Amino acid sequence: GGSCRSLAARLGPVCLDAASFSRRRLSFGPQFVYTPESADKSLGETSRMNLFQAVTSALDNTLANDPSAVVFGEDVAFGGVFRCTVGLKDKYGKDRVFNTPLSEQGIVGFAIGHAVAGATTVAEIQFGDYIFPAFDQIANEASKYRYRSGNHFNCGSLTVRAPIGAVGHGALYHSQSPEGFFAHLPGIKVVIPRGPIQAKGLLLACINDPDPCFYFEPKILYRSAVEDVPVNGYVLPIGKAEVLIEGSDVTLIGYGTQVHVLREVARLAQSELGVSCELIDMRTILPFDEETVYASVCKTGRCLIAHEAPLTGGFGAELAASVQEHCFLNLEAPVRRVAGHDTPFPHIFENFYLPNQRRCLAAIKDLIGY
Amino acid sequence: MPLSSSAIRANLLLLRGGCGLFVSSRLASSAMLSTRPYKLHKLESGPASEAQVTSDEARKYYRDMATVRRMETAAGNLYKEKAIRGFCHLYSGQEACCVGMEAVLDRNDPVITAYRAHGWTYTRGVPVKAVLSELTGRASGCAKGKGGSMHMYNHNFYGGNGIVGAQVPLGAGIAFAQKYREDKRVCVTLYGDGAANQGQVFEAFNMAKLWDLPCIFVCENNKYGMGTAVERAAASTAYYTRGDYIPGLWVDAMDVITVREATRFAKDWCLSGKGPILLEMETYRYHGHSMSDPGTSYRTREEVQSMRQMRDPIASFRQTLLTAELVAEEELKEIDQSVRKEVDEAVQAAKTNAVPDPKELYTNVYSQPPSGQPNYRIRGIDQFTWSAN
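Right, dumping it as structure tokens:
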């Protein structure tokens with residue numbers, strides 16, 4: 006409304022001198038401070054865990070309670086390249102926790118078959134960047150099994166885990182965010198946690214979900230996100246987004262690492278611009294929580310979606326199209342997306358590529374001043 | 080040590096300047112050196128059991144291997160100083176493979192390999208300075224700093240590929256182009272023991288054999304796919320037989336002459352229209368899989384030490400040359416010093432050369448500009464990055 010326009014008048018240009026970046030030492034990767042959360046007291050005893058330990062805990066609970074459960078992938082037996090499976094082979098045996106050869110298409114195809122036969126199957130793809138040889142199996146087998154067989158068969162007991170996202174030095178093939186490709190496959194679910202408590206609950210939910218789930222772990226959070234996580238099993242809802250900060254002027258939508266970047270953006274927007282932001286973590290990309298998103302944008306009237314994946318055809322495009330369709334009359338400004346650029350994830354200038362605080366703040370300014 | 084009688088001897092007077100010493104030594108201008116035994120798959124006969132090596136060739140092979148070794152050591156140090164970030168896979172220990180093969184190839188024979196590519200990048204004609212600058216992300220890097228460790232390129236060197244096994248069908252395609260253009264060239268397509276279990280490798284084998292492509296498939300078997308020993312990943316570790324209907328050769332790739340003669344055999348095979356051939360280069364890497372891997376959690380330090388002491392390709396070649404009196408020890412020392420100087424200068428350049436222009440973030444996505452769209456701009460680039468040029 007009017008108060009927002011006067012805010013816009015008070016604001017100066019967001020200063021950013023691209024040339025100066027090259028003259029000083031750049032800090033790499035997504036810039037954020039992780040804000041630990043606490044678990045519901047009713048979930049009982051907790052233990053200090055980072056994100057990879059929370060994943061291990063979820064897998065431990067699964068292997069303990071489900072005799073059909075197996076965990077496999079490249080190098081998982083010694084603990085995995087990100088230490089997500091440490092101790093599991095020793096505890097549950099090499100029949101249940103084992104290494105596969107270097108064959109992504111084979112790993113996922115094999116996993117689908119195992120799941121179709123009724124076993125709880127948790128397959129790991131070592132980096133999300135490597136999942137593409139398996140994409141045919143996912144698109145043409147996993148997502149369509151139930152539908153094409155008229156519910157005769159399904160691979161619902163399949164969960165595939167993979168690390169994704171920028172880490173500061175991953176360059177072209179260790180930083181990708183492929184969730185957009187998977188959002189386009191009816192029949193699967195796609196989940197991305199923002200921290201350890203979320204990670205364990207969402208992973209357990211995926212493993213228990215009756216449909217095949219693709220669970221993408223933001224690798225930069227493996228060590229940097231630490232919380233007191235319940236040691237027993239618990240599930241968090243799939244298909245439900247979460248409002249982390251309530252606000253009145255702009256809705257910020259993100260998932261994974263970007264949620265923490267947006268936390269800082271919300272703080273800066275309040276302190277620098279006097280703008281009150283509402284922050285939503287999508288948590289599930291597919292099927293996404295329309296109700297929470299539309300309710301928020303109808304309230305605030307402005308929407309900013311941010312993700313590391315490239316802009317064109319990214320998941321933000323689906324959100325933006327849906328939001329404008331359902332919230333049109335409530336919108337004060339067009340829906341904005343701040344995303345990775347339409348280039349391969351770069352080896353150099355990662356700091357320019359990512360949807361960092363400055364770019365998000367600039368977009369908020371535009372939204373307020375529209 | 081592999082050694083046989085020298086054929087030709089000549090008296091040479093070596094004048095040492097500076098200290099005014101006259102050193103006379105009986106150095107051979109060439110020698111017959113034995114190759115190490117090969118194993119054959121679907122081949123009636125294999126490469127020669129001995130080969131003529133001139134002192135010029137000897138010096139070149141020694142120099143090239145020493146340069147790769149020192150360059151990789153420098154890369155490791157730069158990584159520890161955080162001048163190189165991300166993923167860096169070192170070739171130390173495997174030098175005989177790229178140098179030995181390159182001895183028979185010429186610059187018109189295309190080569191494609193995986194991510195452990197720095198040695199090949201050098202032998203394919205990219206100076207040490209351009210390799211190290213690419214690693215540190217400078218504009219003087221061979222891919223303008225945009226590719227990094229796993230993506231280095233040069234004329235007839237198609238990289239440098241990060242996705243395991245993906246380069247093998249590409250190599251078959253390049254070989255097809257050679258055949259189509261009647262170029263009388265071979266394409267060398269390298270992959271590792273880990274990649275040998277990728278499905279697309281077998282798809283490439285089938286196409287290459289079906290269409291008689293002049294493709295030399297080379298499995299650089301360094302015994303470990305990252306941290307997994309070959310026996311734990313492969314139902315058959317006889318990689319030279321896994322082309323099945325493609326004839327194969329097992330090569331002890333810790334000896335540069337053995338590698339050279341195998342490559343000569345393979346190149347002749349392909350160019351005589353007999354279709355593809357598969358070489359397994361059994362070799363060893365001293366470092367871990369990458370700089371993130373110490374390389375000792377899945378193999379013993381004793382194993383690594385023993386390989387360094389007993390089977391090092393550079394040390395054993397040095398010994399061979401000295402024993403065959405092909406090259407004088409002083410010359411080898413001079414080569415070592417000259418290599419050290421070259422690499423040290425390259426390290427300086429890699430640390431101090433200019434970073435690329437910010438516009439390199441968004442150039443070369445398409446041909447520039449894409450045809451029919453002269454005003455095409457990459458979506459999402461904000462005005463700050465765009466106006467930096």
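Line by line, the protein sequences are chains A and B. The first sequence lines up with residues 6 to 375 when you count with the working numbering. The second sequence lines up with residues 80 to 468 when you count with the working numbering. Glycine included, C-beta positions come from ideal geometry on N, C-alpha and C. None of the values given here were measured: they were computed from a predicted structure.
Problem - Test item: CB-CB of LEU106(B) and TYR358(A) under 8 Å - result: no
Problem - Given VAL234(A) as reference, the closest of ILE258(A), ILE225(A), GLY206(A), VAL255(A) once Cα atoms are compared - result: GLY206(A)
Practice task
Check whether the Cβ atoms of VAL165(A) and LEU64(A) sit closer than 8 Å, and answer yes or no.
Solution key: no
Exercise for the section: Tell me MET360(B)'s beta-bridge partners as DSSP assigns them. Expected result: GLU299(B), VAL330(B)
Practice task
Pull out every residue of the stretch 283 to 305 of chain B whose Cβ sits closer than 9 Å to any Cβ of chain A, in chain order.
Solution key: GLY304, MET305
Exercise for the section: Flag this pair as yes or no: are the beta carbons of PRO355(B) and LYS288(B) separated by less than 8 Å? Expected result: yes
Problem - Where the stretch 152 to 183 of chain A meets chain B: residues whose CB sits under 8 Å from a CB there - result: GLY173, HIS174, GLY175, ALA176, LEU177, TYR178, HIS179
Exercise for the section: Indicate whether TRP199(B) and CYS221(B) have their beta-carbon atoms separated by less than 8 Å. Expected result: no
Exercise for the section: Determine the extent of the beta strand (DSSP E) in which HIS120(B) is found, giving its start and end residues. Expected result: 118 to 120
Practice task
Give a yes or no on whether 8 Å exceeds the smallest Cβ distance from GLN110(A) to chain B.
Solution key: yes
Practice task
Sort HIS189(A), LEU56(A), VAL113(A) by Cα distance to THR1(A) and report the nearest one.
Solution key: No answer is possible for residue 1(A): it lies beyond the span of chain A, which begins at 6 and ends at 375.
Exercise for the section: Return yes when the Cβ of ILE393(B) is within less than 8 Å of the Cβ of GLU174(B), no when it is not. Expected result: yes
Practice task
Take every Cβ of the stretch 216 to 232 of chain B, pair it with every Cβ of the stretch 253 to 260 of chain B, and state whether three or more of those distances are shorter than 8 Å.
Solution key: no
Practice task
Output the distance between the C-alpha atoms of ASP116(B) and TYR141(B), rounded to the nearest integer angstrom.
Solution key: Residue identity check: residue 116(B) is Pro in the sequence provided, not Asp. When rounded, the distance between both Cα atoms is 22 Å.
Problem - Contact the stretch 105 to 113 of chain A vs the stretch 148 to 159 of chain A: 3+ CB pairs below 8 Å - result: no
Practice task
Please decide whether VAL73(B) counts as near chain A, where near means a Cβ-Cβ distance under 8 Å.
Solution key: Past the boundaries of the shown model lies residue 73(B); chain B is included only from 80 to 468, so the question cannot be answered.
Exercise for the section: Going by DSSP, name the residue or residues bridged to GLN131(B). Expected result: MET111(B)
Practice task
Would you check if the distance between the CB atom of LEU278(A) and the CB atom of THR67(A) is smaller than 8 Å?
Solution key: no
Practice task
Say whether chain B places a C-beta atom closer than 8 Å to the C-beta of PRO351(A).
Solution key: yes
Practice task
Provide the residue span of the beta strand (DSSP E) that contains THR1(A), from first to last.
Solution key: Here chain A comprises residues numbered 6 to 375, so residue 1(A) is not present and cannot be evaluated.
Handout entry: Where the stretch 131 to 157 of chain B meets chain A: residues whose CB sits under 8 Å from a CB there
Key = none
Problem - Amino acids of chain B, ordered along the chain, whose beta-carbon sits closer than 8 Å to that of THR90(A) - result: Here the premise fails: no neighbours, minimum Cβ distance about 13 Å.
Problem - Range of the contiguous alpha helix (DSSP H) that encloses HIS157(A) - result: Element bounds for HIS157(A): n/a, residue is neither H nor E.
Problem - Among ALA322(A), PRO360(A), ALA338(A), HIS346(A), nearest to CYS303(A) - alpha-carbon criterion - result: ALA338(A)
Practice task
Round the Cβ separation of ILE191(B) and LEU249(B) to the nearest angstrom and send it over; I've been treating them as touching at under 8 Å.
Solution key: 6 Å
Problem - Reduced DSSP category for ILE117(A) - H, G, I as helix; E, B as strand; rest coil - result: helix
Problem - Own chain residues within Cβ distance below 7 Å of GLY367(B), not counting five before or after - result: PRO373, GLY374
Problem - ALA341(B) vs LEU269(B) beta-carbon contact at 8 Å - result: no
Problem - VAL38(A) versus LYS94(A), THR262(A), ALA344(A), residue with shortest Cα-Cα distance - result: THR262(A)
Exercise for the section: Can you grab the Cα-Cα spacing for the pair GLY459(B) / PHE293(A), in whole Å? Expected result: 24 Å
Handout entry: Cutoff 6 Å; reference ARG264(B); Cβ partners in own chain excluding five residues on either side
Key = ASN187, ASP188, GLN257
Practice task
Please determine, among LEU119(B), GLN131(B), ASP347(B), the residue with the shortest C-alpha to C-alpha distance to ALA317(B).
Solution key: LEU119(B)
Handout entry: Contained beta strand (DSSP E) runs [length at least 3] in the stretch 330 to 363 of chain A, N- to C-terminal order
Key = 341 to 345
Practice task
Give the range of the alpha helix (DSSP H) segment to which LEU64(A) is assigned.
Solution key: 56 to 70
Exercise for the section: With 8 Å as the threshold, decide whether the Cβ of ASP359(B) is near any Cβ in chain A. Expected result: Reading off the sequence shown, one finds Glu at residue 359(B), where the question assumed Asp. GLU359(B) does not count as touching chain A.
Practice task
Inspect the beta-carbon positions of VAL264(A) and ILE369(A) and report whether they are closer than 8 Å.
Solution key: no
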